[in-house]
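Student: The opening residue of the sequence shown carries number 342 in this note's numbering; numbering runs sequentially from there. Cβ atoms here follow ideal geometry from the backbone N, Cα and C, with glycine treated the same way. Being a predicted model, the structure only gives us computed values, none of them experimental.
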Amino acid sequence: MKKIIPYILLAFPFSVQGQTLSIEQLWQNANQNLKYQQNQLQSRIAQQELLEIKTNRIPVFYIDANLQRNLIIPTTPVPAIAFDPNAQEGAIIPLKFATKWSSKAGVQVEWNIFNPTRKVEERQKELEIQKSELDQQLTLQNWKKDATLAYASIVFATEQYNSTQEDTQFYEELVSISKARYEAGRELSSSYIAAQQELERHNIQVYEAWSVLKEADQELRKYTNLDSIQQLSSNFEEILRNIQGFDNTNYDIKSLEVDKSISELQLASVRKQLLPTLTFNGYLGEQYFSNELKLARKEEWFGNSFVNLALRIPLSGYFTSQPTIRKISLNAELIDKQIQEITRNEEIDNTQNKLKISAAEKKLEAYKKIETLALQNKQEQQEAYKAGRILLTDYSQVLMSYKKAKQDVWQAQYDLLKLLID
342 MKKIIPYILL
352 AFPFSVQGQT
362 LSIEQLWQNA
372 NQNLKYQQNQ
382 LQSRIAQQEL
392 LEIKTNRIPV
402 FYIDANLQRN
412 LIIPTTPVPA
422 IAFDPNAQEG
432 AIIPLKFATK
442 WSSKAGVQVE
452 WNIFNPTRKV
462 EERQKELEIQ
472 KSELDQQLTL
482 QNWKKDATLA
492 YASIVFATEQ
502 YNSTQEDTQF
512 YEELVSISKA
522 RYEAGRELSS
532 SYIAAQQELE
542 RHNIQVYEAW
552 SVLKEADQEL
562 RKYTNLDSIQ
572 QLSSNFEEIL
582 RNIQGFDNTN
592 YDIKSLEVDK
602 SISELQLASV
612 RKQLLPTLTF
622 NGYLGEQYFS
632 NELKLARKEE
642 WFGNSFVNLA
652 LRIPLSGYFT
662 SQPTIRKISL
672 NAELIDKQIQ
682 EITRNEEIDN
692 TQNKLKISAA
702 EKKLEAYKKI
712 ETLALQNKQE
722 QQEAYKAGRI
732 LLTDYSQVLM
742 SYKKAKQDVW
752 QAQYDLLKLL
762 ID
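Structure representation (structure tokens):
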């Protein structure tokens, strides 16, 4: 018996009155997924980074202040005639152009008036936000696929467990019949012993089915909290109906398309870096000079103010940017090829998947017919055994055939569900 036979009602006992969980309610819990929440935070971080870039348009004002103690005052030789008209020609005198203490306090302003790459950087950050949102959608899509299969696993596992329990209870009745016949001398000891052995095998199958169900329960707990859930309300048919509108968007292609747009912006950014930049700087404040540290003396503070415009024109960039431009262009071509390959493979995969789905649907329909016939045979042979027309070993083979038919149906349903989701 296959261990991975996924499916239906959660059969665990609860001490409190529980609730039901449908497949739609499960999907509504997608925002509880930690990976999805991480993607959301990354998107919000990127949005804040975009705001940071936009705030760079605003002039930056800040207070600039310092206090300096000159341990060694530098001495500069100057022509003596500049201070003494009677000095000999060529004579120099040493002068000190600093004091022991100096200080500065004022307001500084810096403003990037023109930066050719700023708009490109903003647009690139917007694309990064778009890509992070695509990552969110991809995470959500994968979560829904995995969570749906986990849900379906409990559905199938519960149906298998319930069926195994019913078969075991019925087989206990058959063993009782076999015992009565043995005690009446109408059945051999070997047949009665074989019946008891088969009953133990049925009990083992119940334990195995219970173990599979518990494993399926733990798997679904990865996607939602089941502490207050008593049973799952959606069966296979309802799950099948709900996945008809499943999001099968290929987010790999969409992400590559964003990457291509980012490459185009990077190319534009490199070219714009060859344009000049214009910045403005200004300062308004005072400077302090004295051989004594007495900052309260107003007479030793002197005004200091300036404004400047700085124009920066790149020259070497015209010669060094060509390899970078070529690299970005090649990267864009690479992304184009990747998109073409994924698109072509997706078309082939979709065609193959449609063929597989069609085959799986026919396979499921055939297995259901086999199950119906197996059930009919089981019921007929059951009456035959009770009437004493067949041996218990023969009837056990009929039961095994019916159980195998049901397992084939469950597996076919799971395979079809997986194909439809993928």
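By the three-class DSSP mapping on this structure, what secondary structure does LYS437 have?
Tutor: Here LYS437 sits in strand by DSSP.
Student: At what residues does the beta strand (DSSP E) containing GLN572 begin and finish?
Tutor: 570-573 is the span of the beta strand (DSSP E), which, as asked, contains GLN572.
Student: Is the Cβ-Cβ distance between LEU606 and ARG464 less than 8 Å?
Tutor: Yes.
Student: Could you check the C-alpha separation between LEU761 and ILE364 for me, to the nearest Å?
Tutor: If you take the alpha carbons of LEU761 and ILE364, they lie about 15 Å apart.
Student: Mind checking whether TYR533 and TYR523 have CB atoms under 8 Å apart?
Tutor: Closer than 8 Å, so yes.
Student: Determine the burial state of ASP735: buried for a count of at least 16 other Cβ atoms within 10 Å of its Cβ, exposed for fewer.
Tutor: By the neighbour-count rule (16 or more Cβ atoms within 10 Å), ASP735 is not buried but exposed.
Student: Let me confirm a value: THR565 is counted as buried when at least 16 other C-beta atoms fall within 10 Å, else exposed. Which label applies?
Tutor: Buried is the call here.
Student: Quick one, which of GLN720, LEU616, MET741 and SER737 has its alpha-carbon nearest LEU656's?
Tutor: It is LEU616 whose Cα lies nearest to the Cα of LEU656.
Student: Report the option in THR489, LYS437 and LEU716 whose CA atom is closest to the CA atom of ASP588.
Tutor: Among THR489, LYS437 and LEU716, the Cα nearest to that of ASP588 belongs to THR489.
Student: Would you list the residues sitting across from LEU408 in a DSSP beta bridge?
Tutor: Paired residues: SER444.
Student: Taking 8 Å as the CB-CB cut-off, is ASP425 touching chain B?
Tutor: In the displayed structure, chain B is absent; only one protein chain is listed.
Student: Relative to the C-alpha of ARG398, which candidate in GLU724, LYS460, TYR624 and LEU573 has its C-alpha closest?
Tutor: The candidate whose alpha carbon is nearest that of ARG398 is LYS460.
Student: Could you give the residue range of the beta strand (DSSP E) that holds PRO418?
Tutor: Its beta strand (DSSP E) spans residues 416-420.
Student: Counting beta carbon pairs with one atom in the stretch 667-679 and one in the stretch 592-601, are three or more of them shorter than 8 Å?
Tutor: Short answer: they touch.
Student: Check whether the Cβ atoms of THR590 and ASN456 lie closer than 8 Å to each other.
Tutor: It is not a contact, given that the beta carbons lie outside the stated cut-off.
Student: To the nearest angstrom, how far is it from the Cα of LYS486 to the Cα of ASP763?
Tutor: Approximately 8 Å, taken between the alpha carbons.
Student: What separation, rounded to the nearest whole angstrom, lies between the Cα atoms of GLN429 and PRO435?
Tutor: The straight-line gap from Cα to Cα measures roughly 15 Å.
Student: Does DSSP put PRO451 in a helix, in a strand, or in coil?
Tutor: Contrary to the premise, residue 451 reads as Glu rather than Pro in this sequence. GLU451 falls in the strand class under three-state DSSP.
Student: Return the first residue and the last residue of the alpha helix (DSSP H) that GLY658 is part of.
Tutor: GLY658 -> alpha helix (DSSP H) spans 658-661.
Student: Reducing DSSP to helix, strand and coil, say where GLU524 ends up.
Tutor: Helix.
Student: Between ALA498, SER610 and SER504, which lies nearest to LYS555 when the distance is taken from Cα to Cα?
Tutor: When each option's Cα is compared against that of LYS555, the closest is ALA498.
Student: How would you call TYR548, buried or exposed, if buried means at least 16 neighbouring beta carbons within 10 angstroms?
Tutor: So TYR548 ends up on the exposed side.
Student: Measuring CB to CB, does SER384 end up less than 8 Å from GLU507?
Tutor: In this structure, GLU507 does not lie closer than 8 Å to SER384 by Cβ.
Student: Would you check if the distance between the CB atom of SER604 and the CB atom of ILE669 is smaller than 8 Å?
Tutor: Contact flag set, yes.
Student: Express the C-alpha separation of PRO420 and ALA433 in angstroms, rounding to a whole number.
Tutor: In the sequence under discussion, the amino acid at residue 433 is Ile, which differs from the Ala named in the question. Near 4 Å, if we compare the C-alpha coordinates of PRO420 and ILE433.
Student: Taking the CB atoms as reference points, tell me whether SER631 and THR417 lie closer together than 8 Å.
Tutor: Contact flag unset, no.
Student: Give the single residue among ASN576, VAL448, GLN679 and TYR755 whose Cα lies nearest to the Cα of ALA701.
Tutor: Ranking the options by Cα distance to ALA701, first place goes to TYR755.
Student: Would you report the Cα separation of GLN471 and ILE683, rounded to the nearest angstrom?
Tutor: Rounded to the nearest angstrom, the two C-alpha atoms are 20 Å apart.
Student: Can you tell me which of GLN369, TYR403, LEU608 and SER574 puts its alpha carbon nearest to the alpha carbon of GLY623?
Tutor: When only C-alpha atoms are compared, the closest one is TYR403.
Student: Enumerate in chain order the residues of its own chain whose CB-to-CB distance from THR509 is below 7 Å, with the five nearest sequence positions on each side excluded.
Tutor: Around THR509: HIS543, ASN544 and VAL547.
Student: Measuring alpha carbon to alpha carbon, tell me which residue in GLN720, LEU758, TYR492 and GLY626 is nearest SER574.
Tutor: Of the candidates GLN720, LEU758, TYR492 and GLY626, the one whose C-alpha sits nearest the C-alpha of SER574 is TYR492.
Student: Going by C-alpha distance, which of LEU757, GLN373 and GLN389 is nearest LEU581?
Tutor: Closest by alpha carbon: LEU757.
Student: Just list the alpha helix (DSSP H) runs in the stretch 547-601, keeping only unbroken ones of 4 residues or longer that don't cross its boundaries, in chain order.
Tutor: Listed in chain order, the complete alpha helix (DSSP H) runs (minimum 4 residues) inside the stretch 547-601 are 577-583.
Student: Around the C-beta of ILE495, are 16 or more other C-beta atoms found within 10 angstroms, so that it is buried, or is it exposed?
Tutor: Buried is the call here.
Student: For the beta strand (DSSP E) containing GLN748, list its first residue and its last residue.
Tutor: It is not in any beta strand (DSSP E) - GLN748 instead sits in the alpha helix (DSSP H) that spans 733-762.
Student: For the beta strand (DSSP E) containing SER646, list its first residue and its last residue.
Tutor: Counting along the chain, the beta strand (DSSP E) containing SER646 begins and ends at 642-653.
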